[in-house]
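S.K.: Numbering (this note's numbering), first residue to last: 1 to 432.
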Amino acid sequence: MATTSLWEIKGKITDVIAYTIDEKKTSLNDAVDYTVDSSKTIDRELVSCLNCMDHDPVQSMINTKRQFQDDKPIVCFHGYQSFLPGEVDHKTAHEIGVKYAQEMWGDKYQVVISTHTDKDHAHSHFVVNSTSFVDGKRYQNNRRDKYEMRIVSDKICKEYGLSIIEKPKRYGKTRAYQHNLMNVRDRVRADLDRLIAIHQSTDSLFRELQREGYTIDNSRRYMKLIPPGNTKGVRLKSLGDNYTMDAIQERVMENHFKKIERPSPYEYYEKKKFEIRPYYEKYKKGELNGFQRLYLHYQYVLGIIPKENKLKWRDYSKELKNAIKEMDAISSQTIFMCSYNISTNEDLDSVEKALIKHTDELIKERRVLYNARRTITNDDDLKQNKEKVKDINKTLKQAKKQIGYCEGIRTRAATIEAMKLERARRREEYIL
1 MATTSLWEIK GKITDVIAYT IDEKKTSLND AVDYTVDSSK TIDRELVSCL
51 NCMDHDPVQS MINTKRQFQD DKPIVCFHGY QSFLPGEVDH KTAHEIGVKY
101 AQEMWGDKYQ VVISTHTDKD HAHSHFVVNS TSFVDGKRYQ NNRRDKYEMR
151 IVSDKICKEY GLSIIEKPKR YGKTRAYQHN LMNVRDRVRA DLDRLIAIHQ
201 STDSLFRELQ REGYTIDNSR RYMKLIPPGN TKGVRLKSLG DNYTMDAIQE
251 RVMENHFKKI ERPSPYEYYE KKKFEIRPYY EKYKKGELNG FQRLYLHYQY
301 VLGIIPKENK LKWRDYSKEL KNAIKEMDAI SSQTIFMCSY NISTNEDLDS
351 VEKALIKHTD ELIKERRVLY NARRTITNDD DLKQNKEKVK DINKTLKQAK
401 KQIGYCEGIR TRAATIEAMK LERARRREEY IL
């Protein structure tokens, strides 16, 4: 029974373009050197070259790339064909390897085949030039090619009376079976289901995922979640219709309308360690003015802060449902207003100017510290310098966030005011 695999070898682009500068350090040369290592083979008895010079296969492959001006980063493919211990001797393994290479790549590609003797099991290595010596076309190593590798290997093994894997399992399922683990997508779905059920906003949901070790990649068209311990991400859309961004937002929003599972009305503020109750009491007594009153009223209408003797859930308008999704931002802006005692546009402008001035001062201070590093020779002084920069960056980040709150308050206040006027207009029309 033989198993096969093949993977790409990349070299630096400059090395690939100009092999003659230092051919010994190219990835192509390294791959060939490894497979024909004399310590792993019986001299060169178990080394064969296909469609290239026996005495210098590397140069043959380089010449092919020059001929077709191929300077792509993948310079070759390195693979193996491995047998069970005691299944075949090394010479037979090499004979099978040569036949395998001839059938797989012999019509178009240059290949070095070497059978190693340094392990208990016989195994052959293959280095395949990624560029065809016939037409310059590049070998793809796609799913179809990998499937063909297994079919060809099994066919030759049968000719030699060797066993084959009749019903190979998919790798993901095999690993899950061996280690009793869910596959990656199942694990991501399970984590999403668990957290969606307890979160009130997508912002807090994704923050919690990050705290649990997930990396969130939102740099492309479709968001990816990279689970802890993994290097490859999983697209949300690939998890199913219930896990698209729109579906997740809808599921999170539904938590606001489940009476039994309704969280503490002050949850958003408790999480941020801010006591909103005194401001709520002032709101009920009519002691708040300006922005603070407007924001508290808005949250009162939404049901985010409690209403006396109002246990029934409303079927909120689409606008209000959308606003619930932004509750994390609303609560942050409310805390900001209350902390700085902002009630009017004048208050907001004054605080914003002070924050911008403070930000400019921090940037100047940081620049001085950066410049000072050029003359620092002591490790302790350099460490102290970096700590100061770290503290400044932390303060700067918070200040910039608060400047963003200012613009957000202006925009949202205008929206809320317009909604109030629209409701008042509709009320008058209804009365008339």
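Glycine residues also receive a C-beta, built at the ideal position from the N, C-alpha and C atoms. Predicted model only: the values in this text are computed from it and were never measured.
#1: Buried or exposed, going by whether 16 or more other CB atoms sit within 10 Å of the CB of N51?
#2: Given L195, which residues of its chain have a CB within under 7 angstroms of its CB, disregarding the five upstream and five downstream residues?
#3: With a cut-off of 8 angstroms, do at least 3 Cβ pairs link the segment 112–132 to the segment 87–100?
#4: So what's N230 in DSSP terms, helix, strand or just coil?
#5: Compute the beta-carbon to beta-carbon distance between L294 and E417, rounded to the nearest angstrom, for a pair I have assumed lies under 8 angstroms.
#6: Measure the Cβ-Cβ separation of C49 and S130 and say whether it is below 8 angstroms.
#7: Label P227 either buried or exposed according to how many other C-beta atoms from any shown protein chain fall within 10 Å of its C-beta, with 16 as the threshold for buried.
#8: How is the alpha helix (DSSP H) around G97 delimited, first residue to last?
#9: Helix or strand or just coil, what does DSSP make of L46?
#10: Work out the CA separation of R251 and S219 for me, nearest whole Å.
#11: Tell me the residue span of the beta strand (DSSP E) that contains Y472.
#12: For the segment 108–116 against the segment 187–203, do three or more pairs of beta-carbon atoms, one drawn from each stretch, fall closer than 8 angstroms, so that the two count as touching?
#13: Taking 8 angstroms as the cut-off, decide whether the C-beta atoms of V184 and N242 are in contact.
#14: If you draw a straight line from the alpha carbon of R426 to that of Q299, how long is it in whole angstroms?
#15: For the candidate residues K65, H55 and H116, whose alpha-carbon lies nearest to that of F83?
#16: Whose CA, out of K397, Y160 and A354, lies closest to the CA of E87?
#17: Less than 8 angstroms between the C-beta atoms of Y405 and Q292, yes or no?
#18: Output the distance between the C-alpha atoms of D349 and I356, rounded to the nearest integer angstrom.
#19: Put D381 into one of helix, strand or coil per three-state DSSP.
#20: Name the DSSP bridge partner or partners of F126?
#21: Might you give, ordered along the chain, the residues of its own chain that have their beta carbon closer than 6 angstroms to the beta carbon of Y340, omitting 5 neighbours on each side?
#22: Which ranges does the alpha helix (DSSP H) cover as unbroken runs of at least 4 residues, wholly within the segment 338–394, from first to last along the chain?
#23: By the DSSP assignment, the beta strand (DSSP E) with D217 in it spans what residues?
#24: Go ahead and pull the three-state DSSP assignment for R221.
#25: Please classify K386: is it buried, with 16 or more other beta-carbons within 10 angstroms of its beta-carbon, or exposed?
#26: Could you tell me the distance, in whole angstroms, from the CA atom of G286 to the CA atom of I376?
#27: Just verifying my parser: in three-state terms, what is the DSSP assignment at S5?
#28: Quick one: give me the first and last residue of the alpha helix (DSSP H) that R187 is part of.
#29: Please list, in chain order, all residues of the same chain as D217 whose beta carbon is under 8 angstroms from its beta carbon, the five residues on each side excluded.
M.R.: For this structure:
#1: Locating residue 51 in the sequence shown gives position 51, counting from the first residue. That one is buried.
#2: By 1-based counting over the sequence shown, the position of residue 195 is 195. Answer for L195: L205, E208 and L209, listed in chain order.
#3: yes
#4: The sequence position of residue 230 within the sequence shown is 230, counting from 1. DSSP places N230 in coil when its eight states are reduced to three.
#5: The residue labelled residue 294 in the question sits at position 294 within the sequence shown. The residue labelled residue 417 in the question sits at position 417 within the sequence shown. Yes, they are in contact, since the Cβ atoms of L294 and E417 sit about 7 angstroms apart, within 8 angstroms.
#6: Sequence index remark: in the sequence shown, residue 49 carries index 49 (1-based). Sequence index remark: in the sequence shown, residue 130 carries index 130 (1-based). Their beta carbons are not under 8 angstroms apart, which means C49 does not touch S130 by this criterion.
#7: Looking up residue 227 in the sequence shown gives position 227. With 16 or more other Cβ atoms within 10 Å, it is buried.
#8: Position 97 of the sequence shown holds residue 97. Run containing G97: H90 to W105, per the alpha helix (DSSP H) assignment.
#9: To locate residue 46, count along the sequence shown from 1; it is residue 46. Three-state result, L46: coil.
#10: As a working note, residue 219 is residue 219 in the sequence shown. As a working note, residue 251 is residue 251 in the sequence shown. S219 and R251: Cα-Cα distance of roughly 24 angstroms.
#11: The chain is shown from 1 up to 432; residue 472 falls before or after that span and cannot be answered.
#12: no
#13: Here residue 184 refers to the residue found at position 184 of the sequence shown. Here residue 242 refers to the residue found at position 242 of the sequence shown. Cβ atoms of V184 and N242: not closer than 8 angstroms.
#14: Residue numbering aside, residue 426 sits at position 426 when the sequence shown is read from its first letter. Residue numbering aside, residue 299 sits at position 299 when the sequence shown is read from its first letter. Whole-angstrom Cα-Cα distance: 21 angstroms.
#15: Walking along the sequence shown from the start, residue 83 turns up at place 83. The option with the nearest alpha carbon to F83 is H116.
#16: Numbered from 1 along the sequence shown, position 87 holds the residue referred to as residue 87. It is Y160.
#17: In the sequence shown, counting from the first residue as 1, residue 405 sits at position 405. In the sequence shown, counting from the first residue as 1, residue 292 sits at position 292. No. Outside cutoff.
#18: The residue labelled residue 349 in the question sits at position 349 within the sequence shown. The residue labelled residue 356 in the question sits at position 356 within the sequence shown. Near 11 angstroms, if we compare the C-alpha coordinates of I356 and D349.
#19: Position 381 of the sequence shown, counted from the start, is the residue given in the question as residue 381. The answer is helix: DSSP assigns D381 an H, G or I state.
#20: Numbered from its first residue, the sequence shown carries residue 126 at position 126. In DSSP, F126 forms a bridge with G79 and I113.
#21: On the sequence shown, position 340 is the one that residue 340 refers to. Excluding sequence neighbours, Y340 sits near V351.
#22: 345–372
#23: On the sequence shown, residue 217 is found 217 positions in, with the first residue counted as 1. Where D217 is concerned, the enclosing beta strand (DSSP E) stretches over T215 to D217.
#24: Sequence index remark: in the sequence shown, residue 221 carries index 221 (1-based). Coil.
#25: Here residue 386 refers to the residue found at position 386 of the sequence shown. K386 should be labelled exposed.
#26: Position 286 of the sequence shown, counted from the first residue, corresponds to residue 286. Position 376 of the sequence shown, counted from the first residue, corresponds to residue 376. Cα to Cα, the separation comes out at about 59 angstroms.
#27: Position 5 of the sequence shown, counted from the start, is the residue given in the question as residue 5. Reduced to three states, the DSSP call for S5 is strand.
#28: Numbered from 1 along the sequence shown, position 187 holds the residue referred to as residue 187. V184 to I196 is the extent of the alpha helix (DSSP H) around R187.
#29: Within the sequence shown, the letter at position 217 stands for residue 217. Cβ within range, chain order: M223, K224, L225, I226 and G233.
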